[in-house]
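Top line first, the protein sequences correspond to chains A and B.
The first sequence begins at 1 in full-length UniProt numbering and counts up by one.
The second sequence begins at 1 in full-length UniProt numbering and counts up by one.
Notes for the one structure printed next.
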Amino acid sequence: MAGASVKVAVRVRPFNSRETGRNAKCVIQMQGNTTCISNPKQPKDGAKNFTFDYSYWSHTTVDDPSFASQRQVYKDIGEEMLLHAFEGYNVCIFAYGQTGAGKSYTMMGKQEPGQEGIIPQLCEDLFQRTGENTDPDLTYSVEVSYMEIYCERVRDLLNPKSQGTLRVREHPILGPYVEDLSKLAVTGFTDIRDLMDAGNKARTVAATNMNETSSRSHAVFTIVFTQKRRDQMTSLDTEKVSKISLVDLAGSERADSSGAKGTRLKEGANINKSLTTLGKVISALAEMQSSKKRKSDFIPYRDSVLTWLLKENLGGNSRTAMIAALSPADINYEETLSTLRYADRAKQIRCNAVINEDPNAKLIRELKAEVERLRNLLFSQGLQELQQQQWHRWCRGFDPLPAAAGPHSQWDHA
Amino acid sequence: MASLSSDEWRAICDKFTNAQNLTEVESRNDPENDPFRSKYKARELLREIYCSLKSFEVSEGEEDGGGESAGLRAAKLGAVEYYLGVNHVDTEELSAGQEHLMNCMKLLGRCSVSSENVSLFIHVRNQLGILWAGRDETETAQGFLETAESIYQHYMKEDGSPPTDMTEYFTTEEKLLTHQERTKRFELAYTHTMYYLAQVYKNLGQTERAATYCHSTLQRQLQLNQFNPMEWALNAATLSQYYITKGRYMEGRHCLSAATVISGLAGEVPSEATENERREQLRQKRAEIARCWIKYCLNLLQDAKKLLEDNIGELDTDRQDELKRARRGEEEEEEKGRKSALLFGSEDTFDSIASLEEKVRCLFPLDFTEARAVFLVGQNYVTQAKEYFQMDGYVTDHIEILQDHSALFRALAFFEEDLERRCKMHKRRVDMLEPICTDLNAQYYLMIRRQLMFELAETYSEMMDLKLTLANRQADTQSLDSHTIKKFNHLCSASAKYFQMFLDSLCSPEGKVPEHLEEEVLRPALVARFRVARLHSRLISSSPSVQLDNLNRSLENYKYVVQYCETHPEAATTVETELELSKEMVGLLPLKINRLKARMAANN
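And the structure:
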């Protein structure tokens, strides 16, 4: 998988009760890794097609051969990420989509067999693999954190009673971190499972007309995985640390779920309602303008908490995957189309850090002169030598030269 | 209102007031797990109002006028549809919201624009603009908003009287708004129209237009006194960046000066945050404005450099004279320009803004004295910004400020004629960035470290060249004394070391060299190899075996460039000149190496 770009998958769920109650029709079709969506109000218009790394058809049931199960989603995406983490990379998987489209189901799932989401499966797999280790020089440690970002405020889900909002900071050695966020050591899958449950219960969930359990916040589940290897010969320890961030984003239709729409992840065409976001808009203008200029010529908009914390995951030494959840229903056509478009744009996200190079015209000029000089020098010296050789041959009466004399590569000059 | 008794009417008005209160005030206290509680209640009330009005209409259908115009009746019904529409949108039921807003449009469609309904005409289009933009249908959004814009402009031209505010449809006589208040609300609606249009134009890629609308939005906010000083200041500072990327330094400077002046007005505005939080926010925003000033100074110096440099990056004195001559005419243009440009401010602030502008130039600096003045302004803001954005807590921001400081030195060095002083400026850069590069966590700050490594490598190279030029100027002969050689070699190795560090950072966690270079690092990686090659061949040594070693390393790196471009043909286009030269060196160096080997063999 190409390092710096995002792997994108979309997944469509079955109808929910609200949709069934309104006799909703399905507007999504999938073929291979292509998803198509048809406009229920303009059936004559052609369907719009989108291609992704994966298009998961989860609208029907297990009996359908084309059905994409929780297991399959994990095997395709989660497992690959876990392997990258073992290699030492930071990884991030996040779920994007409208409220009720199936994000939490994909990420966390239900505690029933076959219904567990990526997070529990990944944790189980992690401990399975570390459990298989028989090398005494290799040790592992696993720590987890679980936080919620609601209206730009960070809450520790593993310690929900903690007062106030946690500050997000950067340390030169520790990297970006959340002050006072619980980081609990776990030794097995049951530990993680218990923490997840406790954290899930503490999440801010609201009941609205659209969805009985609408998630109003972004939830970030982080696993810090450390692999220590002892070199018997030197008695030195080398350490590989990887951070696995698993993010369940708030519903995309919320005007202020700005975590998914920071400047790093390209802006959608949404209009920000409140004038308080004027700065963001203005900033985007400068960014658009500067495609000819160096990107360091202006200050990017201060990212939302979420993108700030995850920005390291859009860099060269990490891997990111996004799963966009879709509702199949015609009554959500516009929002679903918007999600598909966003996912389409996500395919092109790349890290923004740029190496600015000084112009090297002077250096080039000098080197060209050097090449000239070198050529002339070697040529003239070579000519001298050739003359000498010819003189010797003549002296000897045209005897052939001994094989070892002189540099042979002289005339191999390409 | 003959049919509806005054009691019934009062009941409707009360309901409306309740609904507004629920929507705007109560809803802020709704619990997180039931966030739309108040808005659902408000919705019920609005529905009831709608039904009452509808039933009144039916019974009144045969009469003409009957106390109020058909237009006003339509507007009232339309207003209820409008509020229902907004209510649905706020509670994430976008399709239902759209339906209500379109109903409102239909009702208004039968009437002509008047002071009784113009506010509603504009508000409903604003909302529809937002809705369609949210669905990525930017042109549809544009349509609604541009219509709102022309309705406003037409109304102001033809009529201009303070129009009825929508809330007044359901108030009793005593509670009607003053003309001043009506105007204020109406103008605010139009300010939003401009703001939304700015966003639409931005989404359509029409940045110039978008910037103009942003500028107008900011202007209107100041004029109407509807702004939060700190927010306004930060937005104006951000807008300056847009102007700077377009090379419009006069407008940029104006925005920044206005931003600084207005930010001084902050502090008295009440807010919901605690005292500490508020002070923290103020400090942060002032520091951000300082950073925008740094960018201003830096860009001004860099753009001036681009104008003045010759084809190898040195100051072209002929061009300098030419530009100085041309400039005398420009200063008058500047005066005229200022008057026509959109100016910010009010009576009290015009002067303070102007006096700030006088502290720094907006025309390109053309010699060292002028450049130094700009540099000093920038450096001053660096100090300010670093006070807030300290390393512990704001690593990325702190380093970006240092990078800007380094860039300021680099830009100034271009104007400095004395080579010794020039070298000292580069030394300042190294001293600033080197310790940081070493201390940062390599995994978390990979991107930044790469930038720093590359910059350090180039700076050391620059210093190396300067040392050589200085030495050659001092001595007429080619020979250098041992002290200079040592210094030269030190700088040369340091440069190579950092380029190599950069290359090492591209390897996998196990230390494997990547087979394929990602797009963002492709050119820098190949250039780094090229530079390492060149640097090794420049190292001075009297020992032949050391010379041989250096030449071999040089060859190795030139070869890498050639081989990589062979196996990755698309890479060749990013490093054309370097590739060409690398190929030459791959051909020539072996000859030099063999010659050296032969001499070594002969001497033994």
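Where a beta carbon is used, it is the ideal one built from N, C-alpha and C, also for glycine.
### Amino acids of chain B, ordered along the chain, whose beta-carbon sits closer than 9 Å to that of S338/A
G134, R135, D136
### Message
Here's the rule I'm using: 16 or more other beta-carbon atoms within 10 Å means buried, otherwise exposed. How should A259/B be labelled?
### Response
buried
### Message
Suppose contacts are defined by Cβ-Cβ distances below 7 Å. Is T34/A in contact with T61/A by that definition?
### Response
no
### Task
State buried or exposed for M233/A, treating a residue as buried only when at least 16 other CB atoms are found within 10 Å of its CB.
exposed
### Message
Is there a C-beta anywhere in chain B that falls below 7 Å from the one on A369/A?
### Response
no
### Task
Please go through the same chain and pick out, in chain order, the residues whose beta-carbon is closer than 6 Å to the beta-carbon of E63/B, but skip the five residues on each side of it.
Confidence is the limiting factor: at E63/B the pLDDT is only 47, short of 50, which leaves the residue's position unreliable, though a coordinate-based value still follows. Once the five neighbours on either side are set aside, E63/B has no close Cβ partner at all.
### Message
With a threshold of 7 Å between beta-carbons, can F454/B be considered close to chain A, or not?
### Response
yes
### Query
Based on Cα-Cα distance, which residue from K161/A, D137/A, E370/A, K110/A lies nearest to M147/A?
K161/A
### Message
Which complete alpha helix (DSSP H) runs does the region 399-459 of chain B hold, if anything under 4 residues is left out?
### Response
419-439
### Task
Leaving out five residues on either side along the sequence, give the residues of the same chain with a beta carbon under 7 Å from the beta carbon of L46/B.
A19, V80, Y83, L84, N87
### Task
Kindly say whether V395/B, judged by its beta-carbon, lies nearer than 7 Å to any beta-carbon of chain A.
yes
### Task
Using only alpha-carbon positions, find the residue among A233/B, L307/B, I244/B that is nearest to R283/B.
A233/B
### Task
Find the residues of chain A that neighbour R421/B, judging by a C-beta separation of less than 8 Å, and give them in chain order.
The contacting residues do not exist; R421/B stays about 19 Å from chain A at best.
### Task
Provide the residue span of the alpha helix (DSSP H) that contains T369/B, from first to last.
368-388
### Task
Taking L138/A as part of the beta strand (DSSP E), name the residues at either end of that continuous run.
138-150
### Message
If you follow the alpha helix (DSSP H) that Y242/B is in, where does it begin and where does it stop?
### Response
229-245
### Message
Please identify the residue among E116/A, L158/A, S217/A whose C-alpha is closest to the C-alpha of E32/B.
### Response
S217/A
### Message
Checking 7 Å against the spacing of the C-beta atoms, do A141/B and G160/B come in under that value?
### Response
no
### Task
Pull up the DSSP beta-bridge partners for Q156/A, would you.
The displayed chain sequence assigns Asp, not Gln, to residue 156/A. D156/A is bridged to M147/A.
### Query
If you pair each beta-carbon of the region 558-567 of chain B with each one of the region 496-510 of chain B, do three or more pairs fall below 8 Å?
no
#### Entry: Identified DSSP bridge partners for H171/A
G175/A
### Message
Can you check whether the C-beta of D180/A is within less than 7 Å of a C-beta belonging to chain B?
### Response
no
### Message
Let me check one thing: in DSSP terms, what residues is residue 427/A bridge-paired to?
### Response
Any property of residue 427/A remains undetermined from this structure, which presents chain A solely from 1 to 414.
### Message
Against chain B, with Cβ distances strictly below 7 Å, would P402/A count as a contact?
### Response
With a pLDDT of 47 at P402/A, under the threshold of 50, the modelled position of this residue cannot be trusted; read the value that follows with caution. For P402/A, the answer is no, since every Cβ of chain B falls outside 7 Å of its Cβ.
### Message
Which residues in chain A have a C-beta closer than 8 Å to the C-beta of Q443/B? List them in chain order.
### Response
N90, G175, V241, N317
### Query
Is there at least one Cβ from chain A nearer than 7 Å to M156/B's Cβ?
no
### Query
Listed in chain order, which residues of the region 292-325 of chain B have Cβ atoms closer than 7 Å to some Cβ of chain A?
C292, K295, N299, N311, I312, G313
### Query
At least one CB of chain B closer than 7 Å to the CB of N16/A: is that the case?
no
### Query
With a cut-off of 8 Å, do at least 3 Cβ pairs link the region 171-179 of chain A to the region 442-459 of chain B?
yes
### Message
If I measure Cβ to Cβ from V586/B and keep anything under 8 Å in the same chain, skipping five residues before and after, which residues do I get?
### Response
L555, Y558, K559, V562
### Query
Using the rule of at least 16 other Cβ atoms within 10 Å of the residue's Cβ for burial, across every protein chain shown, is R155/A buried or exposed?
buried
#### Entry: C-alpha distance - Y140/A paired with T134/A, whole-angstrom precision
12 Å
### Distance between T106/A and N270/A (C-alpha atoms, nearest Å)
Its pLDDT being 49, under 50, N270/A is placed unreliably by the model, and the measurement read from it follows with that caveat. Approximately 26 Å, taken between the alpha carbons.
### Message
If I follow the unbroken beta strand (DSSP E) through G97/A, where does it start and stop?
### Response
90-97
### Query
With 16 as the cutoff for other CB atoms within 10 Å, does C51/B come out buried or exposed?
exposed
### Query
Hey, is E170/A's beta-carbon within less than 7 Å of any beta-carbon in chain D?
Judged by its chain identifiers, the structure shown contains no chain D, and its protein chains are A and B.
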